[in-house]
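Trainee: No gaps in the numbering here: position 153 of the sequence shown is 153 in full-length UniProt numbering, and each next residue is one more. This is the structure I want to talk about, given as structure tokens.
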Amino acid sequence: MSRKIAIFTGTRAEYGLLHWLMRDVQNDPDLTLQVIVGAMHLSPEFGQTWKEIAADGFSIDAKVEMLLSSDTAVGVAKSMGLGVLAFADALDRLSPDMLVVLGDRFEALAIVQTAMVLRIPVAHIHGGEVTEGAYDDAIRHAITKMASLHFVAAEPYARRVIQMGTPPERVFNVGAVGLDQIKREEAIDRTALSAELGFDLVRPYVLVTYHPVTAGAEDPVKTTEALLNALDTIPDHQVILTFPNADNGGRAIIPLLKAYAARDSARVLALPSLGFRRYKAAMAGVSAVIGNSSSGIIEAPSFRVPTVNIGVRQHGRLAASSVLNCAADEHSITETIKKALSADVQISAQGTVNPYGAGDATRQIIAALKANLGPFPQTFYDLEAVL
């Protein structure tokens, strides 16, 4: 009997990471794929990226409207509440044998806590990691405690999930799922990318994504202003800016990006989402990835390009030698961008080894899902006491 695997996605970046897993579940004769989309995917403000999922040939089994037009802390909390209400109906109707979620976002927490109450087992991807600059850090660990299967991206993260009380036999170190996309799909070339974007990439360019920091004192508007001023110091490089996620303070950043692009539309492109296919193509030809997105830490090293990682959002995450950290102020950002674009760092990046694996995560996840569909006893694994 075919087992129903529901996969949830709430953001454009997350879908890019999950695409090949969704495809492989869809093509497996022993599994039935159920696709649940919500949050940013359904928002016109963020590009209605659910349409990309449908265009890729996936049948969307549930659309969950949950995102309020507010990115205050209260607005995000209320969006989570709306999500729980809608996810309860969707999961009850679909009745999956397993729910798969990735990462650490508030919409993922909403669906996981709903699944837990409905006694639907959860498989969690990218647990055990640390991002000290975001409340996503606590969300990720909360999801770990509610999940039954764990697909982590590196051995230190496997140890951390076990340390949290998970039996080792339920923890699988598969590497980062986003690297499967890099390995399995041929990127479109620069000419095709320019045509699709309507933006002629005739010079070296940088790819920039900055998300608000939701834990700590880093002001998203001030940091964005500092970042844009720093980009002015590299006028010979074109700039592709993508909008932030729907985190607290994200909507205040978007007008700054639009205004910056409007000043010089031949040099700067700002858009809500590249989509995973174009994002990969852009990263393949970029001089540097700049901002504080996890993609600069996890995926960029596989392209052997430098990353300028700004501020505290990704603090604590395992990183390759090509990742250059800097403070969230104009001077530090400027100097680190110059360093990333220097000949020495560009050459050094060519020897980067990505600590997140080699792009074989999806095959391993499918095998583990088919072998471990539950039921799962609620046990707590105790480590030996250290005296």
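All C-beta atoms, glycine included, are put in the ideal place defined by N, C-alpha and C.
1) Is it true that the CB of Ile182 sits closer than 7 Å to the CB of residue 474?
2) Count the other CB atoms, across all protein chains shown, that sit within 10 Å of the CB of Lys258; report buried if there are 16 or more and exposed otherwise.
3) Comparing C-alpha positions only, which one of Gly178, Trp50 and Ala230 sits nearest to Gly359?
4) Mark Lys222 as exposed unless 16 or more other C-beta atoms lie within 10 angstroms of its C-beta, in which case mark it buried.
5) Pick helix, strand or coil for Leu387, following the three-state DSSP scheme.
6) Does DSSP put Thr334 in a helix, in a strand, or in coil?
7) Does the beta-carbon of Gln34 have 16 or more other beta-carbons within 10 angstroms, so that it is buried, or is it exposed?
8) For Met98, does the three-state DSSP call read helix, strand or coil?
9) Looking at the secondary structure, which residues open and close the alpha helix (DSSP H) in which Val112 lies?
10) Using 7 Å as the threshold, is the C-beta distance between Ala55 and Ile36 below it?
11) Quick one: what's Gly291 bridged to in DSSP?
12) Excluding the 5 residues preceding and the 5 following Ile290 in the sequence, name in chain order all residues of the same chain whose CB lies nearer than 6 Å to its CB.
13) How long is the line joining the alpha carbons of Arg190 and Thr9, rounded to whole angstroms?
14) Can you name, in chain order, every residue of its own chain whose Cβ lies under 6 Å from the Cβ of Arg3, other than the five neighbours on each side?
15) So, with DSSP's three-state summary, where would you put Asp24?
16) Can you tell me which of Arg363, Ser348 and Leu231 puts its alpha carbon nearest to the alpha carbon of Lys338?
17) Does the segment 130-140 come close enough to the segment 99-111 to have 3 or more Cβ pairs within less than 8 Å?
18) What runs of the alpha helix (DSSP H), each 4 residues or longer, lie entirely inside the segment 184-260?
19) Going by the beta-carbon positions, is the gap between Leu365 and Phe151 smaller than 7 Å?
20) Give me the Cα-Cα distance between Ile143 and Pro235, rounded to the nearest whole angstrom.
21) Give me the residue from Val64, Thr379, Cys326 and Leu197 with the minimum Cα distance to Ala270.
22) Can you tell me the Cβ-Cβ gap for Ala328 and Glu225, rounded? I've got them flagged as a contact below 8 Å.
23) Rounded to a whole number of angstroms, what is the C-alpha to C-alpha distance between Ser322 and Ala343?
24) For Thr379, which option in Arg184, Pro44 and Lys145 has the closest C-alpha, if you only look at C-alpha atoms?
25) Tell me, which residues are paired with Lys63 by DSSP?
26) Given that a residue counts as buried once 16 or more other Cβ atoms are within 10 Å of its Cβ, and exposed if not, what is Asp71?
27) Please list the terminal residues of the continuous alpha helix (DSSP H) segment that includes His315.
28) Once the 5 residues before and after Arg160 are set aside, which same chain residues still bring their CB inside 6 Å of it?
29) For Phe172, report the span of its beta strand (DSSP E) as first-last.
30) What is the rounded straight-line gap between the Cα of Asp200 and the Cα of Val268?
31) When the Cβ atoms of the segment 343-356 are set against those of the segment 112-132, are three or more pairs found closer than 8 Å?
32) If you draw a straight line from the alpha carbon of Leu387 to that of Phe376, how long is it in whole angstroms?
33) Do Val100 and Ala73 have their C-beta atoms closer together than 7 Å?
Mentor: Taking the coordinates as given:
1) Missing from the structure shown is residue 474; the chain here goes from 1 to 387 and no further.
2) exposed
3) Gly178
4) exposed
5) Per-residue confidence for Leu387 stands at a pLDDT of 44, beneath the threshold of 50, marking its modelled position as unreliable; no derived number is given.
6) helix
7) buried
8) strand
9) Phe106 to Val117
10) no
11) Thr209 and Asn309
12) Val206, Val208 and Val308
13) 28 Å
14) Leu31, Asp97 and Leu373
15) helix
16) Leu231
17) yes
18) 190-197 and 220-231
19) The identity of residue 365 in the sequence shown is Ile, whereas the question assumes Leu. The answer is yes: Cβ separation under 7 Å.
20) 43 Å
21) Leu197
22) With a Cβ gap of about 11 Å, Ala328 and Glu225 do not count as contacting.
23) 13 Å
24) Lys145
25) Val37
26) buried
27) Per DSSP, His315 belongs to no alpha helix (DSSP H) and is neither H nor E.
28) Gly128
29) Val171 to Asn173
30) 10 Å
31) no
32) Confidence at Leu387 is low in this model, with a pLDDT of 44, below 50, so the placement of that residue should be treated as unreliable; the coordinate-derived value is given next. Going by the C-alpha atoms only, they are around 32 Å apart.
33) no
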